[in-house]
Ligand code: ARG
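Numbering (the numbering used here), first residue to last: 254 to 711.
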């Protein structure tokens, strides 16, 4: 439809494409913290007088209370949360509100508030990640000796312990915790006071505001500061790794919980039924953890693409930094909560695991090791001989341990030995006690050592 007034249409198109209030309201509390620190600093530096400072601070205080109570009402024409708060401050304290913008701009304010928000999010996510890691550790301690099949190519390969596998996920996710810490370290510098891009002619004290807001120091270069979004990309990168690894774990949970496998039982609260097929217990929570990784990975790419074509300093493009961050943090909170419940409440089924591990020849590599150690046969050759022993056992319908001396010596005279070993699953896992191996005693030790590493994650 052709509008009767193209200028009005343009103005409303501009307002619609430019508005961010519907998502950046989340920054309200952080914007107000910045403003409080800024006003205190302006007063300390004698840039604004005592009376104006206290009027501003009491107005900001009222706004903070409104925000905390969920009662803050944005003026209808506010473009973003920063202008909304300034407009409401003016409504509360009158023209004195105009002093607040001294020696700062929305460019440095918006990025500082965003950094403060992100710092809290990373801390909250790390807390949840630690709970998840502890849940894996507890499963590892409980199931250090629970034997299950270890797979590669999803083919049963060698027996392992369920505890060992839980610690494998714990190791993977601990590294993601370290990635989050790295992202947190990217938030060290405070951009506030960089103003629009060139700094300010007022004698501000950026060290004061930086410290007051819990940063390590002010940022060194005002041009860099207002357009810099590396900190956001660092977080999204760490978040992508975490989401990706949670997704892999979730895929494993889906596999474990199918009836054909049955390695774990999930509580009713974490599965959904099917009206038509009442026997089904769909592992929806795990599937959704897996699916949430899609948007998290997409959010990283989305911000990379936004930033990639931009020369330095602020462009309006940069307001598209927020939704990928908000959505990523939200998705990770959901995924971590669900993962914590899964890991804490999943009930391993040792009998099903043992049954699945009890396939012919799963201990064939133990026999190869035995040939090396006891008959001094080089490993490559031993491996080869075991392949032929397996063939012979298969065609005679025997286990490796039951192969007769005749059958063995027919393959190679060195195999005509007695006694001839037979390995069971327990022996096999207990034998793998190399550092980092699957032996129950190693798993218990590793789980115990993991506690200390976990406590260092902060
Ligand atoms: N809402 C904007 C953002 O988050 C604030 C900065 C606006 N600055 C400007 N020069 N228009 O990026």
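The beta-carbon is built from N, C-alpha and C at its ideal position, and this holds for glycine as well.
- Here residue 562 carries a coil assignment [DSSP, helix/strand/coil].
- Residue 588 is a Cβ neighbour of residue 542, given a cutoff of 8 Å.
- With distances taken between CA atoms, residue 335 lies nearest to 287 out of 287, 345, 314 and 413.
- For residue 359, the distance from the CB to the nearest heavy atom of ligand 1 is below 7 Å.
- Pairing residue 394 with residue 416 gives a Cβ-Cβ distance under 8 Å.
- Residue environment: residue 638 is assigned as buried (16 or more neighbouring CB atoms within 10 Å of its CB, all protein chains considered).
- In this structure, residue 653 lies near residue 643, with their beta-carbon atoms less than 8 Å apart.
- In the assembly as shown, residue 672 is an exposed residue. Its beta-carbon has fewer than 16 other beta-carbons within 10 Å.
- With a threshold of 7 Å, the Cβ atom of residue 374 does not count as near ligand 1, since no heavy atom of the ligand is closer than that.
- In this structure, residue 566 and residue 446 do not form a Cβ contact; the two beta carbons are roughly 15 Å apart against a cut-off of 8 Å.
- Ranking 269, 315 and 420 by CA distance to the CA of residue 701 puts 420 first.
- Take residue 582, set aside five residues on each side of it, and the residues of its chain with a beta-carbon closer than 6 Å to its own are 374, in chain order.
- Here residue 283 is buried, its C-beta having at least 16 other C-beta atoms within 10 Å.
- Proximity of the beta carbon of residue 356 to ligand 1 is not indicated: no heavy atom of the ligand is located closer than 7 Å.
- Distance check between residue 418 and each of 356, 506, 550 and 483 places 506 closest, using alpha-carbon atoms only.
- Looking from the CA of residue 438, the closest CA among 381, 400 and 491 belongs to 491.
- When rounded, the separation of the alpha-carbon atoms in residue 570 and residue 560 is 8 Å.
- According to the DSSP assignment, residue 697 belongs to the alpha helix (DSSP H) that extends over 693-708.
- Set against 7 Å, the gap from the CB of residue 273 to the closest heavy atom of ligand 1 is smaller.
- Between residue 400 and residue 604, the gap from beta carbon to beta carbon reaches 8 Å or more.
- According to DSSP, residue 403 shares a beta bridge with 411.
- Between ligand 1 and the CB of residue 572, the shortest heavy atom gap is smaller than 7 Å.
- For residue 470, the closest of 476, 459 and 711 by C-alpha to C-alpha distance is 459.
- Here the distance from the Cβ of residue 291 to the nearest heavy atom of ligand 1 is not below 7 Å.
- Residue environment analysis places residue 630 among the buried positions, since at least 16 neighbouring C-beta atoms fall within 10 angstroms of its C-beta.
- Close CB contacts of residue 451 within its chain, under the 8 Å cut and outside five residues either way in sequence, are with 475 and 476 (chain order).
- A distance below 8 Å separates the beta carbons of residue 328 and residue 340.
- By the Cβ-count criterion, residue 380 is exposed, with fewer than 16 other Cβ atoms from all chains shown falling within 10 Å of its own Cβ.
- In the pairwise beta carbon analysis, the stretch 307-318 is classified as not touching the stretch 259-268: fewer than three pairs are separated by under 8 Å.
- Counting along the chain, residue 619 sits inside the alpha helix (DSSP H) bounded by residues 617-628.
- Relative to ligand 1, the beta carbon of residue 567 is positioned inside 7 Å of a heavy atom.
- Cβ contact annotation for residue 338 (same chain, cutoff 7 Å, sequence separation greater than five): 281, 284, 285 and 316, in chain order.
- Classified as exposed, residue 407 has fewer than 16 neighbouring CB atoms from the shown chains inside 10 Å of its CB.
- In this structure, the C-beta of residue 609 stays at least 7 Å away from each heavy atom of ligand 1.
- Beta-bridge analysis with DSSP links residue 442 to 470.
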